[in-house]
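Taking our numbering, the leading residue of the sequence shown gets 13, the next gets one more, and so forth. Glycine residues also receive a C-beta, built at the ideal position from the N, C-alpha and C atoms.
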Amino acid sequence: MADNDVASEEEILKFLTDVMRREDAKSSEATKAAELIGKHYGMFSEKAAVRETAEVVIIDDIPDDS
């Protein structure tokens, strides 16, 4: 397979950017292009970083049955 048989990542991103920025593009085309670019960059990830600090306290209050 020749190198130009498949579009490179950069070529695809440039194409989508051109579609998104075209003045004559339909709103739905521009929105879809922007959505695909955003997905590429992980902008719509549902993963929320949870950062919590809590002190762990272990209470040994179980009776010794020996």
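Query: Report yes or no: do the segment 13-32 and the segment 40-58 share at least 3 C-beta pairs separated by less than 8 Å?; Result: yes
Query: Which of helix, strand or coil does DSSP assign to D17?; Result: helix
Query: In the DSSP assignment, the alpha helix (DSSP H) including E47 goes from what residue to what residue?; Result: 39-52
Query: How long is the line joining the alpha carbons of R33 and E47, rounded to whole angstroms?; Result: 13 Å
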